[in-house]
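Student:
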Amino acid sequence: MNRMNMLLAQEQTRAEVLADDPLWLVLLKAVVLFAFGVVMTLFMINWERKVVGRMQHRPGPNRNGPGGWLQSLADGLKLAFKEEVIPTSADRKVYWMAPVISTIPAFTAFSVIPWGPEVSIFGERTYLQLVDLPVGALVVLAAAAIGVYGIVLGGWASGSPYPLLGALRSAAQVISYEIAMGFAIVSVVLYAQSLSTGDIVDAQRNGWFALLLLPSFIIYVVSMVGETNRAPFDLPEAESELVGGFHTEYSSLKFALFFLAEYVNMVVVSAFATTLFLGGYMAPWPLSAIGDGVLNTGWWPLIWFIAKMLLFLFVYIWLRGTLPRLRYDQFMRLGWKVLVPISLGWFVIVAGIRAIRTDGGVSTTQILIVGAVAIVIIVLLSLLIPEKQVAEDANKIPVTGSGYPVPPMDLQVPTKPRRKVSAGKSATRSELTGSTTGKEADDGNV
Amino acid sequence: MLVPDTARLGADAIVASGQLAQSESGMTGLESYVPLILLIAVAGAFAVFSVTVAPLVGPRRYNKAKLDPYECGIEPSPQPVVGGGRVPVKFYLTGMLFILFDIEMVFLYPYAVAADSVGLFGFVSVFIFIVAITIPYIYEWLRGGLEWD
C-alpha cells in the first residue's frame, strides 16, 4: 500500500509537470515527435536495405547522398511526383481515407512514450514525454489496433481480389496477435501497479522486467512482429502470393503513407518494448553505476532509450534477413494455439504468485514447491496431447485442408552427378565449335 | 474467513487512491489529452496534405489497362460494384474469438493495476473469470474453429 501511494505520488508529479507545459512547448514536442517518426522511417528503410544487403553479401543502396543514406528520401520525393492510379472499381471515398486512417494512429502512440526524465527546454522544466496519461499503455495498444482499420479499408476499397485478401489477412493477424500482446502487457502492469508509461519505467529502477518476466518479454517480441506485419509474419503483403497485399492498387503518396505508417508502427512498438521491458530510458547496469547515476539525468537517457529502441529495430531487420515467411495456417496456429494459451497461463501464474505473496502469508519455498508440482502436472498433461496427434497422422499422406497435395517433409532429392570440367572451359569450347549442345558433350566427357 | 473484509479494504484503497489522484492533479482528466490531440492534428494534417497534393503534382496519362484491378496481367475477374467481394466465414469466427478475449483483457487491466490492494480474494475472482472464458476457447479449439486451411 505504501509503495503504491509512493508510485502514485510520483505519477502525479510527472503528470503535473507535463500538464503545466506552455502551449508552445507542447506544440514543439508534438512537431519534434512527428519529425522523429518521419526521420526514423527514412533511416529505417535505408538501414534495413543496407543490413539485409550485407547479410546477402551485397552492399545495398550506396549512390544517393553520403554512403547512400539519402536513398529513401529520394524515393519518397520520387513517389510524390508519380502518377496516381485509382482503379475504376475502387470505392473512392474510402480509398482516399484509408492511408490517412492508417497514418494517424501510428503517430498517436508516440505521445505516451517516455523518452527521458526531467530536463529543461529553453528554461522550462519538463519531462521528455508529450503526455503522461494514467492509461498510457492502453493508448499504445489502442493505436496499434486502430491502425489496422486503414489497412482493411484500403484493401476493401481497392475493389480488387489481392488487396482484399491481404486486408483480411492483416485484420485476422493483428487481432490474433493483439491478444497475446495484451496479456504480455498485463503482467508488466501487474508488477508496475500502473498503466502510466512513466510509472512503468520508474518501477524498473531495480531490475528490468525483461528479466523478471522473461516469458512475457518473449511473447511481446513475437507478437509485436506479428502486429506490425513484418517478416516472417508479413502475410498481408506476401509478395509471392498476393503481389503487394493490401496496397497493390495504391500508388504515389498514398502508397508512401502506408509505408510510413508501417515503419512508424515498428518504431512505436520497439519504443514501447523498451519502455515495458528494458527499463525505458534508464542507463543499463554498468553505466548506471557511474558517478552515482549521473547518466540517468538530463539528456543522457535519450541516448540509452534510442539505443535500446534501435536494438529492437535491428532484430526486425535481422528476422527479415534470416527467416522465410510462414504459411498462413502455421501463423494462425502459432498465434491462437501457442501464444494465447502460454500468455494466459503465464499471467495466471504471475498474478497468483503475487497475490499469495502480498496477501496469503505464504513463504517463497512453499510457492516454489507448489510451482514445481504445477509444472510437473502441466508437463504430464502436455504429454497426453501430442500422443493422440501422432497416432492420427502416422499413416496419412500430408495434405493441406483444401485438398492440395504437398511434397512429403522427408523427400529425397536425387544427387546431381559431379562434373569436373570448369564452366569457363566448356564455354570456350562451345563458342569455338559453335555447337548449341556443348553442355551435353561436356557431360559425356565426364 | 476474512474474505469480505479484505475485499472491502481493497475497495477502500481503490476509492482512496482515486480521490488522491483527482485532488492532487486538480484536472478534470480530459485536459491531459490536449497534447495527444495536437499530435493527432499534426499527423492528420500531414496525411491529408499528402493525399490531396499527390494527384495535383503527379502526371496523368490515361490508359484503360491501368484503371483495371491488378490481376497479374490477365483479364480481371468480375467483381461486385463496390468493394472486393465476400469475406470468408473464417475471418468472422476469428473476429468473434477476438472479441471474447478482448473483453477478458479489458477486465484484466483494472485488476492488474489494483492487484496488490484486492489481494488473494481478487485473484480468486479473476481466476474464476479466466476459467469461464477459457471454456469456450477450449470448446472452439476442439470443434476445429482454430484450424486454417
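Going down the list, the sequences are from chains R and V.
Sequential numbering from 1 applies to the first sequence in UniProt numbering.
Sequential numbering from 1 applies to the second sequence in UniProt numbering.
Here a beta-carbon is modelled for each residue, glycine too, at the ideal position from N, C-alpha and C.
Report yes if the CB atom of residue 339 of chain R is closer than 8 Å to the CB atom of residue 223 of chain R, and no otherwise.
Tutor: Result yes, Cβ atoms of residue 339 of chain R and residue 223 of chain R sit closer than 8 Å.
Student: Measure the alpha-carbon distance for residue 332 of chain R versus residue 234 of chain R and round it to whole angstroms.
Tutor: Their Cα atoms are separated by approximately 12 Å.
Student: How many Å lie between residue 345 of chain R and residue 62 of chain R at the Cα?
Tutor: Taking the straight line from one Cα to the other gives about 48 Å.
Student: Just how far apart, CA to CA, sit residue 135 of chain V and residue 379 of chain R?
Tutor: Cα to Cα, residue 135 of chain V sits roughly 20 Å from residue 379 of chain R.
Student: Return helix, strand or coil for residue 323 of chain R, following the three-state DSSP convention.
Tutor: Three-state result, residue 323 of chain R: coil.
Student: What residues in the segment 101 to 124 of chain R bring their beta carbon closer than 9 Å to a beta carbon of chain V?
Tutor: Answer set for the segment 101 to 124 of chain R: 101, 102, 103, 104, 105, 106, 107, 108, 110, 111, 112.
Student: Less than 7 Å between C-beta atoms, sequence neighbours within five positions excluded: which residues of the same chain meet that for residue 242 of chain R?
Tutor: Closer than 7 Å at the Cβ level, and outside the excluded window around residue 242 of chain R, lie 162, 165, 166.
Student: Quick one: what does DSSP say residue 65 of chain R is sitting in, helix, strand or coil?
Tutor: Coil at residue 65 of chain R, not helix or strand.
Student: Only counting runs of 3 or more residues, tell me where the beta strand (DSSP E) segments fall wholly within the segment 79 to 138 of chain R, in order along the chain.
Tutor: Whole beta strand (DSSP E) segments, 3+ residues: 116 to 121, 124 to 128.
Student: So for residue 18 of chain V, helix, strand or coil by DSSP?
Tutor: Residue confidence is low: residue 18 of chain V scores 46 on pLDDT, short of 50, so the model does not pin down where it sits. No coordinate-derived value is stated.
Student: Name the residues in the segment 315 to 339 of chain R whose C-beta lies less than 8 Å from a C-beta of chain V; which are they?
Tutor: For the segment 315 to 339 of chain R, which is checked against every Cβ of chain V, the residues closer than 8 Å are 328, 329, 332, 333, 336, 337.
Student: Could you check which residue in R:412, R:374, R:336 has the C-alpha nearest to that of residue 145 of chain V?
Tutor: Taking only the C-alpha atoms, the option nearest residue 145 of chain V is R:336.
Student: Is residue 299 of chain R helix, strand or coil when you go by DSSP?
Tutor: Coil, per DSSP.
Student: Against chain R, with Cβ distances strictly below 8 Å, would residue 143 of chain V count as a contact?
Tutor: By this cut-off, residue 143 of chain V is not an interface position.
Student: Are residue 201 of chain R and residue 281 of chain R close, meaning C-beta to C-beta below 8 Å?
Tutor: Contact: yes.
Student: Among V:142, V:36, V:148, V:59, which has the Cα closest to the Cα of residue 253 of chain R?
Tutor: Looking at the Cα atoms, V:59 is the closest of the given residues.
Student: Just to confirm, is the Cβ distance from residue 145 of chain R to residue 178 of chain R under 8 Å?
Tutor: Yes; because the gap between Cβ atoms is below 8 Å, this pair is in contact.
Student: Are three or more beta carbon pairs between the segment 140 to 157 of chain R and the segment 167 to 176 of chain R nearer than 8 Å?
Tutor: Yes, the segment 140 to 157 of chain R is in contact with the segment 167 to 176 of chain R.
Student: Can you tell me where the alpha helix (DSSP H) with residue 357 of chain R in it begins and where it stops?
Tutor: Element bounds for residue 357 of chain R: n/a, residue is neither H nor E.
Student: How should residue 352 of chain R be labelled, buried or exposed, when 16 other C-beta atoms within 10 angstroms of its C-beta is the threshold for buried?
Tutor: Residue 352 of chain R is buried by the Cβ-count criterion.
Student: Between residue 150 of chain V and chain R, is the shortest Cβ-Cβ distance under 8 Å, so that the two count as touching?
Tutor: In the structure as shown, chain V begins at 1 and stops at 149. Residue 150 of chain V is therefore absent and cannot be evaluated.
Student: Using a Cβ-Cβ cut-off of 8 Å, state whether residue 190 of chain R counts as contacting chain V.
Tutor: At least one chain V Cβ lies under 8 Å of residue 190 of chain R.
Student: Counting only Cβ pairs nearer than 7 Å, list the residues of chain R close to residue 127 of chain V.
Tutor: Within chain R, the residues near residue 127 of chain V are 348.
Student: Label residue 132 of chain R either buried or exposed according to how many other C-beta atoms from any shown protein chain fall within 10 Å of its C-beta, with 16 as the threshold for buried.
Tutor: Label assigned to residue 132 of chain R: buried.
Student: Excluding the five sequence neighbours on either side, which residues of its own chain have a C-beta within less than 8 Å of the C-beta of residue 76 of chain R, listed in chain order?
Tutor: 42, 256, listed in sequence order.
Student: Residue 87 of chain R touches chain V at which residues, Cβ-Cβ below 7 Å?
Tutor: Within chain V, the residues near residue 87 of chain R are 67, 68, 69.
Student: Following the continuous alpha helix (DSSP H) through residue 105 of chain V, name the residue where it begins and the one where it ends.
Tutor: Looking at the DSSP string, the run of the alpha helix (DSSP H) that includes residue 105 of chain V is 89 to 113.
Student: If distances are taken between C-alpha atoms only, which option among R:230, R:245, R:246 comes closest to residue 267 of chain R?
Tutor: When each option's Cα is compared against that of residue 267 of chain R, the closest is R:230.
Student: Less than 7 Å between C-beta atoms, sequence neighbours within five positions excluded: which residues of the same chain meet that for residue 69 of chain R?
Tutor: The residues are 46.
Student: Please tell me whether residue 17 of chain R and residue 92 of chain R are closer than 8 Å, where the distance is taken between their beta carbons.
Tutor: No, the Cβ-Cβ distance between residue 17 of chain R and residue 92 of chain R is not below 8 Å.
Student: Please decide whether residue 78 of chain R counts as near chain V, where near means a Cβ-Cβ distance under 8 Å.
Tutor: Answer no: the Cβ-Cβ gap between residue 78 of chain R and chain V never drops below 8 Å.
Student: Please go through the same chain and pick out, in chain order, the residues whose beta-carbon is closer than 8 Å to the beta-carbon of residue 175 of chain R, but skip the five residues on each side of it.
Tutor: Same-chain partners within the cutoff: 145, 148.
Student: When DSSP labels each residue in this structure, what does residue 147 of chain V get in the three-state scheme?
Tutor: The answer is coil: DSSP assigns residue 147 of chain V none of H, G, I, E or B.
Student: Give the interface partners of residue 96 of chain V over in chain R, defined as CB-CB distance under 9 Å, in chain order.
Tutor: Under the 9 Å cutoff, chain R gives no residues; its nearest Cβ is about 10 Å from residue 96 of chain V.
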